[in-house]
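For reference, the structure is listed below as structure tokens.
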Amino acid sequence: MRGDSEPVLRGHWFVAVAVSALVLASVSCGGGDEDVVDVFAAASLTDAFTDLAAAFERAHPDSEVRLNFAGTSTLREQLLDGADADVFVSANMAIMDELIAEGAVAGQPQVMASNTLVLAVPIDDPGRVDDLSDVSRPELLIGVCARGVPCGDLAHRFLELHDVTPEVDTEEPDVRSLARRLADRELDAALIYRSDVVADHDHLRAVRLDPDRYEPLESRYPIAAIDRDDPGAAEFVDFVLGPEGRSVLEQWGFTVR
Amino acid sequence: MTTRRRLRRPPWVLVTLAALAVVFFTLPLVGLVGRVPWARLGTVLTSSVVREALALSLLTSIVAALISAVLGVPLAWVLARVELPGRSVIRALVTLPMVLPPVVGGAALLFAFGRRGTFGGPLYDATSFVLPFSIWGVIVANVFVAMPFLVVTVEGALRGLDERYEDAAASLGASPLGVFRRVTLPMIGPSLTAGVTLAWARALGEFGATVTFAGNLPGRTQTLPLAVFVELERDRDAAVAISLVLVAVSLIVLVALRDRWWRRS
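Taken in sequence, the protein lines are chains A and C.
Terminal number for the first sequence in the working numbering: 257, no gaps in between.
Terminal number for the second sequence in the working numbering: 1265, no gaps in between.
So this is what it looks like as structure tokens:
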């Protein structure tokens, strides 16, 4: 019995090792002949850039766009740790400036779009929220982004600017997870971007805040190629800043100037 | 026992591979310690974020370990001793959180016990009680991921136990519960300690299920691992300092308990 099973077992081992090696090899080589553009973009750009990448690939059949979405501060750490990217889109100027100062981004940044911070509620507004001051009501479940994340810094600045002390129940690490919780009605209100509301307008809506009392705050999105001389990256940046890119961004609730 | 021979020279293949494994575990720690901001360490560790996170982590992980023991020991006993139909299915169900990505567990908890969840919904309508975003949410997430470690450890010990001692106690007139308390429990003592410790350590390090189910709020639901995650993006020095605390607390407990843990029977 034992003598029979051992060679078989050894064979399995060999196959397993060979298959793993093949898989590893194919993963690490990837791509092939196509020009791959690796784009690191802020989480709030998830929908817009998924569309943009598809449009770019249609216009440039030989190119492939690979997208990596995360909170801008996560992307900053990835880039500082040497992640292989071609284009970086930040959700605020500060982090882009920091990466340029650190030498992790060499291209010239250009402001691509801006996004407005809004007080959002689930579509049926279970907490009956109609003013920014409602975020201080202790019986409501309120969410913001964590400090250090662009939408969190913006939200805290907005609240301080208007002297509102919120009764926060959770500080989410990125704006998409916050919007998700709100859409699932786990929260009653949250400070997110207008684009997040547009992206999920079946479940979310923005509370109309009196613009005279609450001057709207905006986040600006700079885009830059990681390397100065990278034709593929330059092509993608130009496409995003061009008419097609602008129309996609506007469609997803961003302001383009 | 009697045939055990002392090997004069351990095979070099085994020694090399074992050394490689030790190096593999050691290098990340070296990397972490190398990044520790020693000059700022005191300031960072006494900041309110770290103090609150440490207190919350210790409290929730200890409570979770205790709850795991209260529910998990009886469960382990039932799995080891009672002929149940579908016992293997129950065992698979109980060990599932060990292999499931914790974030999946957190999402499942949310769908069950969230404010709009299958069971959390009616609870909220009746009592206005919301489990997520509260310290109880953290504890529930911790118990979910930690209890399986205790159940597996204790069940293993119960299976390895010589049942003749229990039979003898029963034949001398001890009630079934009395046998369990006076004979079984003391005999699996070391494994029980190991199980509780493992569950506690798992709860202390828990991240995915907690952030998904309980959210993240300093002072209420932000445990040490969540603080590390948030600070990694804001202040790396702080993240490294908190990580050092986690490593230190875990190592101290694991080393202190090593005798009970490794030296079984």
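Beta carbons: idealized from backbone N, C-alpha and C, even for Gly.
Residue i to residue j span [Cα, whole Å]
{"i": "residue 224 (chain A)", "j": "residue 242 (chain A)", "result": "14 Å"}
{"i": "residue 1081 (chain C)", "j": "residue 1027 (chain C)", "result": "43 Å"}
{"i": "residue 250 (chain A)", "j": "residue 1236 (chain C)", "result": "36 Å"}
{"i": "residue 986 (chain C)", "j": "residue 1118 (chain C)", "result": "With chain C running from 1001 to 1265 in the structure shown, residue 986 (chain C) is simply not present."}
{"i": "residue 70 (chain A)", "j": "residue 176 (chain A)", "result": "9 Å"}
{"i": "residue 164 (chain A)", "j": "residue 1092 (chain C)", "result": "50 Å"}
{"i": "residue 35 (chain A)", "j": "residue 46 (chain A)", "result": "22 Å"}
{"i": "residue 94 (chain A)", "j": "residue 180 (chain A)", "result": "26 Å"}
{"i": "residue 1185 (chain C)", "j": "residue 1203 (chain C)", "result": "23 Å"}
{"i": "residue 1044 (chain C)", "j": "residue 119 (chain A)", "result": "33 Å"}
{"i": "residue 1011 (chain C)", "j": "residue 1024 (chain C)", "result": "20 Å"}
{"i": "residue 1257 (chain C)", "j": "residue 1218 (chain C)", "result": "31 Å"}
{"i": "residue 1040 (chain C)", "j": "residue 72 (chain A)", "result": "26 Å"}
{"i": "residue 239 (chain A)", "j": "residue 1230 (chain C)", "result": "34 Å"}
{"i": "residue 1215 (chain C)", "j": "residue 1066 (chain C)", "result": "23 Å"}
{"i": "residue 1172 (chain C)", "j": "residue 1120 (chain C)", "result": "48 Å"}
{"i": "residue 1212 (chain C)", "j": "residue 1107 (chain C)", "result": "6 Å"}
{"i": "residue 1019 (chain C)", "j": "residue 1114 (chain C)", "result": "47 Å"}
{"i": "residue 252 (chain A)", "j": "residue 244 (chain A)", "result": "13 Å"}
Contact set for residue i: own chain, Cβ-Cβ below 7 Å, skip 5 residues either direction
{"i": "residue 1179 (chain C)", "result": "1166, 1169 and 1170"}
{"i": "residue 203 (chain A)", "result": "122, 123 and 183"}
{"i": "residue 1223 (chain C)", "result": "1053, 1056, 1057, 1060, 1138 and 1210"}
{"i": "residue 1068 (chain C)", "result": "1143, 1146, 1147, 1150 and 1199"}
{"i": "residue 1130 (chain C)", "result": "1115 and 1124"}
Neighbour flag for residue i against chain A, beta carbons, 8 Å
{"i": "residue 1035 (chain C)", "result": "no"}
{"i": "residue 1133 (chain C)", "result": "yes"}
{"i": "residue 1233 (chain C)", "result": "yes"}
{"i": "residue 1215 (chain C)", "result": "yes"}
{"i": "residue 1115 (chain C)", "result": "yes"}
{"i": "residue 1229 (chain C)", "result": "yes"}
{"i": "residue 1030 (chain C)", "result": "no"}
Same chain, Cβ closer than 8 Å to residue i, five either side skipped, listed in chain order
{"i": "residue 227 (chain A)", "result": "86, 106, 107 and 233"}
{"i": "residue 1029 (chain C)", "result": "1247"}
{"i": "residue 167 (chain A)", "result": "135, 136, 137, 138, 140 and 142"}
{"i": "residue 258 (chain A)", "result": "The requested residue 258 (chain A) does not occur in the structure, where chain A is confined to residues 1 to 257."}
Exposed unless 16 or more other CB atoms sit within 10 angstroms - verdict on residue i
{"i": "residue 1177 (chain C)", "result": "exposed"}
{"i": "residue 1252 (chain C)", "result": "exposed"}
{"i": "residue 1267 (chain C)", "result": "Residue 1267 (chain C) cannot be examined here, being either before or after the span of chain C that is shown, 1001 to 1265."}
{"i": "residue 1254 (chain C)", "result": "exposed"}
{"i": "residue 1132 (chain C)", "result": "buried"}
{"i": "residue 61 (chain A)", "result": "exposed"}
{"i": "residue 1162 (chain C)", "result": "exposed"}
{"i": "residue 1122 (chain C)", "result": "exposed"}
{"i": "residue 54 (chain A)", "result": "exposed"}
{"i": "residue 38 (chain A)", "result": "buried"}
Interface flag, residue i vs chain C, CB-CB below 8 Å
{"i": "residue 71 (chain A)", "result": "yes"}
{"i": "residue 127 (chain A)", "result": "no"}
{"i": "residue 274 (chain A)", "result": "This structure gives no information on residue 274 (chain A), because the portion of chain A shown stretches from 1 to 257."}
{"i": "residue 46 (chain A)", "result": "no"}
Cβ shell of residue i (< 6 Å), same chain only, five flanking positions each side left out
{"i": "residue 1151 (chain C)", "result": "1072, 1075, 1076 and 1094"}
{"i": "residue 1098 (chain C)", "result": "1148"}
{"i": "residue 254 (chain A)", "result": "113, 115 and 195"}
{"i": "residue 150 (chain A)", "result": "72, 91, 92 and 219"}
{"i": "residue 1157 (chain C)", "result": "1188 and 1191"}
{"i": "residue 291 (chain A)", "result": "The requested residue 291 (chain A) does not occur in the structure, where chain A is confined to residues 1 to 257."}
With a floor of 4 residues, list each alpha helix (DSSP H) that falls wholly inside the segment 114–198 of chain A, ordered by position along the chain. 150–161 and 175–183
Scan the segment 1076–1153 of chain C and note each continuous beta strand (DSSP E) run of 3 residues or more that stays entirely inside, going in chain order. none
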